[in-house]
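K.L.:
Each residue of the sequence shown is one higher than the one before, starting from 8 at the first, in this note's numbering.
All C-beta atoms in this analysis are idealised placements derived from N, C-alpha and C, irrespective of residue type, glycine included.
If you scroll down you'll find the structure; I have some questions about it.
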Amino acid sequence: MFTTRPELVGTYGMVASTHWLASAAGMAVLEDGGNAFDAVVAAGFVLQVVEPHLSGPGGEVPAVFVTVEDPTPRVLCGQGVAPAAATLEHFAALGLDFVPGTGLLAASVPGAWDAWLTLLRDHGTKPLREVLGYGISYARGGFPVVERISATVAAVADLFAEHWPTSAALWLPGGRPPAVRYANPTLADTWERLLAEAESATGREAQIEAARRAWSQGFVAEAVDSFCRKACRDDSGRDHAGVLTGEDMAGWSASYEPAVTVDLGEWTLAKCGPWSQGPVLAQQLLLLRGFADELCYVEGVPTARTVHLATECAKLAFADREAWYGDSPDVPLDDLLSCVYADERRGLVGECASMELRPGSPGGGSPKLPLFVAQGRGVGGSGLEIMSALGEFTVSRTGTSRGDTVHVDVVDRWGNMVSATPSGGWLQSSPAIPGLGFCLGTRAQMFWLEPGLPSSLVPGRRPRTTLSPSLALRGGVPSLAFGTPGGDQQDAWQLCFWLAHTVGGANLQAAIDAPAWHTTAFPSSFYPRCWQPGELMVESRLGVSAMDELRQRGHIVVDAGPWSLGRVSAVAHDPLTGMFRAGANARGMQGYAVGR
Numbered sequence: 008m009f010t011t012r013p014e015l016v017g018t019y020g021m022v023a024s025t026h027w028l029a030s031a032a033g034m035a036v037l038e039d040g041g042n043a044f045d046a047v048v049a050a051g052f053v054l055q056v057v058e059p060h061l062s063g064p065g066g067e068v069p070a071v072f073v074t075v076e077d078p079t080p081r082v083l084c085g086q087g088v089a090p091a092a093a094t095l096e097h098f099a100a101l102g103l104d105f106v107p108g109t110g111l112l113a114a115s116v117p118g119a120w121d122a123w124l125t126l127l128r129d130h131g132t133k134p135l136r137e138v139l140g141y142g143i144s145y146a147r148g149g150f151p152v153v154e155r156i157s158a159t160v161a162a163v164a165d166l167f168a169e170h171w172p173t174s175a176a177l178w179l180p181g182g183r184p185p186a187v188r189y190a191n192p193t194l195a196d197t198w199e200r201l202l203a204e205a206e207s208a209t210g211r212e213a214q215i216e217a218a219r220r221a222w223s224q225g226f227v228a229e230a231v232d233s234f235c236r237k238a239c240r241d242d243s244g245r246d247h248a249g250v251l252t253g254e255d256m257a258g259w260s261a262s263y264e265p266a267v268t269v270d271l272g273e274w275t276l277a278k279c280g281p282w283s284q285g286p287v288l289a290q291q292l293l294l295l296r297g298f299a300d301e302l303c304y305v306e307g308v309p310t311a312r313t314v315h316l317a318t319e320c321a322k323l324a325f326a327d328r329e330a331w332y333g334d335s336p337d338v339p340l341d342d343l344l345s346c347v348y349a350d351e352r353r354g355l356v357g358e359c360a361s362m363e364l365r366p367g368s369p370g371g372g373s374p375k376l377p378l379f380v381a382q383g384r385g386v387g388g389s390g391l392e393i394m395s396a397l398g399e400f401t402v403s404r405t406g407t408s409r410g411d412t413v414h415v416d417v418v419d420r421w422g423n424m425v426s427a428t429p430s431g432g433w434l435q436s437s438p439a440i441p442g443l444g445f446c447l448g449t450r451a452q453m454f455w456l457e458p459g460l461p462s463s464l465v466p467g468r469r470p471r472t473t474l475s476p477s478l479a480l481r482g483g484v485p486s487l488a489f490g491t492p493g494g495d496q497q498d499a500w501q502l503c504f505w506l507a508h509t510v511g512g513a514n515l516q517a518a519i520d521a522p523a524w525h526t527t528a529f530p531s532s533f534y535p536r537c538w539q540p541g542e543l544m545v546e547s548r549l550g551v552s553a554m555d556e557l558r559q560r561g562h563i564v565v566d567a568g569p570w571s572l573g574r575v576s577a578v579a580h581d582p583l584t585g586m587f588r589a590g591a592n593a594r595g596m597q598g599y600a601v602g603r
């Protein structure tokens, strides 16, 4: 079977990510004797530099991992919380019905720095300077500018020039978007200053702790606090100051928690909890187990029946996400992931495409949708001018974005394995903070400004993020780490990969290359929260006859082109043979896997 590149196979270790420079940096760390956690942290910082339109220092990162000492999947939560002053009353006083998708009001506590350093401290082996040095090198000396960076900056150039002068100064050198090669010495200086404060302490762990304090209680927090007091334009069309403070940053730290695991027979899937959309993938797979005999791939291509069933199961799972998921102790997760509930919900899958949003009643509870969703006010709106290829990201001229993310997976020769999906702090999300070289994130746009919902805005609560890294065990042994950018579609495209690999029998690269699809028949997590009932985006390689059959079943099929959906990467370890494997997405011509 043709693949865009070979599935890598080796005996030493593998790194796969959405950018070749991050993968190369991660592999360099492995070659230098570091482990998977050293490597993923190094790659994560490089991604903040070389994909600044998709991830930044002001963003967040969740990860799922196992260690050679403990094969029990754990989650690193680097998703910051809503600030203390981010109350429903505050937004009501501003006359806002949504948290804006850009600007300072949408900032949650930036979590990536603390999360990466916490992981490095607890599970890595390298000093902070060694793993951060790769990112500093690219920030100081420059890196090759991919086309989407230039296009993103061009799309928001007027916003920068008219309303966000600090971003214009950073991202419009000479009045034009970056091209060919770009450096961000301001960010390099910030990182060097953090290192200088860290190295005033003695010992690896003490230095990491000092660097964490310098960020959350030192000059970074002070700069963030000061800048958030200034009003700036957001996509409400008005100027608003932020509510994030240095005190918010000082009071939060990254944490660990058990992964949500679901038994799928031979496989066990591990995901982040319902403060993310991670359990959606598990729900889809539980629903599809009842259709196992009907799922089929022919020469690497799913049948129309397979796509139909997967799509209808996705609609049910994502409807539950809207009604039940959030950073709340009341989420009935055990019921949502029970076989009894899956059996009950499976009966709703029919021969024709559903046009309804149908959340269920796990444990006999009554689903509660946001009023905006229940009244169908977002139906039919795209909400964005599409400024980029499907499958990477979309951005409007006001900076509104959805799906802007990166991903990295690493497995080392000892068997440590990690899947991480960093995001947020995109250059187009918020004005750059003077003297720091980066901006804040906008993840708080995923809260609802309506009380009584699992994902209502509450100070100290995590926004129900779309970020969704994955890890899987086979026969109880950690075997696979994978994930993708893509906003709401992350657990749709990961489903495509999973089915191609476990049902179609494709190797990692072939499964990544296999034709992908997703539905937009549920509310977007991003401002302005629109959706398209019945719409099904498919890659044309699915075939004309399959697309015709899907239309006959009532799906509103949109041909997205041959290579447009998803940016999956994956690494695997077979403990029986000792072999490591990896694959990365060829769509967009950036993702790469490295290993030996």
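Can you tell me which residues form a DSSP beta bridge with glutamate 76?
P.N.:
DSSP lists no partner for glutamate 76.
K.L.:
Once you ignore the five residues that flank glycine 65 on each side, which residues in its own chain have a CB closer than 6 Å to its CB?
P.N.:
Around glycine 65: Pro117, Gly432, Phe445, Cys446, Leu447 and Gly448.
K.L.:
Can you tell which of Val565, Gly541 and Ala523 has its C-alpha closest to the C-alpha of arginine 594?
P.N.:
Selected option, being the one with the closest Cα: Ala523.
K.L.:
Going by the CB atoms, is the gap between alanine 217 and valine 138 shorter than 8 Å?
P.N.:
It is not a contact, given that the beta carbons lie outside the stated cut-off.
K.L.:
Just the Cα atoms here: how many angstroms apart are glycine 41 and arginine 469?
P.N.:
Roughly 32 Å separates the two Cα atoms.
K.L.:
CA-CA distance, histidine 562 and cysteine 359?
P.N.:
Their backbone Cα atoms lie some 8 Å apart in a straight line.
K.L.:
In chain order, what residues of the same chain have a beta carbon less than 6 Å from the beta carbon of serine 62, not counting five sequence neighbours either side?
P.N.:
For serine 62, where only same-chain residues beyond five positions count, the Cβ hits under 6 Å are Leu54, Gln55, Val413, Pro429 and Ser430.
K.L.:
Report the residue ranges of all alpha helix (DSSP H) runs contained in full by the stretch 91 to 146; include only those spanning at least 4 residues, in chain order.
P.N.:
Runs of the alpha helix (DSSP H) inside the stretch 91 to 146: 95 to 100 and 119 to 130.
K.L.:
Assign proline 336 to one of two classes, buried (16 or more other C-beta atoms within 10 Å of its C-beta) or exposed (fewer than that).
P.N.:
Exposed: under 16 other Cβ atoms inside 10 Å.
K.L.:
With a threshold of 8 Å, are at least 3 pairs of Cβ atoms found where one atom belongs to the stretch 526 to 537 and the other to the stretch 505 to 514?
P.N.:
They do not touch, by the three-pair rule.
K.L.:
For threonine 313, which three-state DSSP category applies?
P.N.:
Note: threonine 313 maps to helix in three-state DSSP.
K.L.:
Taking the C-alpha atoms as reference points, what is the distance between proline 369 and methionine 362?
P.N.:
Taking the straight line joining both Cα atoms gives about 21 Å.
K.L.:
Rounded to a whole number of angstroms, what is the C-alpha to C-alpha distance between glycine 229 and glutamate 351?
P.N.:
Checking the displayed sequence, the identity of residue 229 turns out to be glutamate instead of glycine. Each residue's alpha carbon lies about 52 Å from the other.
K.L.:
Classify glutamate 392 as buried or exposed, calling it buried when 16 or more other Cβ atoms lie within 10 Å of its own Cβ.
P.N.:
The predicted model places glutamate 392 with a pLDDT of 37, which falls under 50 and marks its position as unreliable; any figure quoted below should be read in that light. Exposed, by the Cβ-count rule.
K.L.:
Helix, strand or coil: which one does DSSP assign to threonine 268?
P.N.:
Reduced to three states, the DSSP call for threonine 268 is strand.
K.L.:
In this structure, how does DSSP classify phenylalanine 150 when only helix, strand and coil are distinguished?
P.N.:
In this structure, phenylalanine 150 counts as strand in the three-state DSSP scheme.
K.L.:
For the stretch 550 to 560 and the stretch 125 to 137, state whether three or more C-beta atom pairs, one from each stretch, are separated by less than 8 Å.
P.N.:
No contact exists between the stretch 550 to 560 and the stretch 125 to 137.
K.L.:
So, with DSSP's three-state summary, where would you put glutamate 206?
P.N.:
Correct three-state label for glutamate 206: coil.
K.L.:
Where does alanine 70 fall in DSSP's three states?
P.N.:
Note: alanine 70 maps to strand in three-state DSSP.
K.L.:
Comparing alpha-carbon positions, which option in Cys235, Leu474, Asn423 and Trp222 lies nearest threonine 79?
P.N.:
The option with the nearest alpha carbon to threonine 79 is Asn423.
K.L.:
When DSSP labels each residue in this structure, what does tryptophan 171 get in the three-state scheme?
P.N.:
Looking at tryptophan 171 - three-state DSSP - the assignment turns out to be coil, as it is neither helix nor strand.
K.L.:
Could you tell me how far apart the beta carbons of alanine 488 and alanine 591 are, in whole angstroms, since I believe they sit closer than 8 Å?
P.N.:
Contact doesn't hold; Cβ gap of about 12 Å is too wide.
K.L.:
Alpha carbon to alpha carbon, what distance is there between alanine 517 and phenylalanine 9?
P.N.:
Taking the straight line joining both Cα atoms gives about 8 Å.
K.L.:
Per the DSSP calculation, phenylalanine 587 is bridged to which residue(s)?
P.N.:
In DSSP, phenylalanine 587 forms a bridge with Gly17 and His580.
K.L.:
Our contact map puts alanine 277 next to valine 71 with C-beta atoms below 8 Å; I'd like the distance itself, whole angstroms only.
P.N.:
The pair is a contact, with the Cβ atoms about 5 Å apart (cut-off 8 Å).
K.L.:
Taking C-alpha atoms, which residue in Glu542, Arg245 and Gly253 lies nearest to tryptophan 222?
P.N.:
The candidate whose alpha carbon is nearest that of tryptophan 222 is Gly253.
K.L.:
Who are proline 64's beta bridge partners in DSSP?
P.N.:
According to DSSP, which records beta bridges pairwise, proline 64 is partnered with nothing at all.
K.L.:
Take glutamine 224 and list the residues in its own chain whose beta-carbon comes closer than 7 Å to its own, dropping the five residues that flank it on each side.
P.N.:
So the list reads Ala257, once near-sequence residues are dropped.
K.L.:
Enumerate in chain order the residues of its own chain whose CB-to-CB distance from leucine 177 is below 6 Å, with the five nearest sequence positions on each side excluded.
P.N.:
Same-chain partners within the cutoff: Ala439.
K.L.:
Give every residue of the same chain whose Cβ lies closer than 6 Å to the Cβ of aspartate 566, excluding the five residues on either side of it in the sequence, and list them in chain order.
P.N.:
Correct list, in chain order: Ser547.
K.L.:
Would you identify the three-state DSSP class for tyrosine 263, choosing helix, strand or coil?
P.N.:
Correct three-state label for tyrosine 263: strand.
K.L.:
What residues in its chain sit with their C-beta under 8 Å from that of proline 13, if we drop five residues either side in the sequence?
P.N.:
If we look at proline 13 and ignore the five residues flanking it on each side, its Cβ neighbours are Gln516.
K.L.:
Flag this pair as yes or no: are the beta carbons of glycine 367 and aspartate 341 separated by less than 8 Å?
P.N.:
No, they are not a contact pair.
K.L.:
If you pair each beta-carbon of the stretch 146 to 154 with each one of the stretch 184 to 194, do three or more pairs fall below 8 Å?
P.N.:
Verdict: yes, contact present.
K.L.:
How many Å lie between arginine 245 and lysine 133 at the Cα?
P.N.:
Rounded to whole angstroms, arginine 245 to lysine 133 spans 46 Å at the Cα level.
K.L.:
Please report the straight-line C-alpha distance between serine 463 and glycine 585, rounded to a whole angstrom.
P.N.:
Going by the C-alpha atoms only, they are around 47 Å apart.
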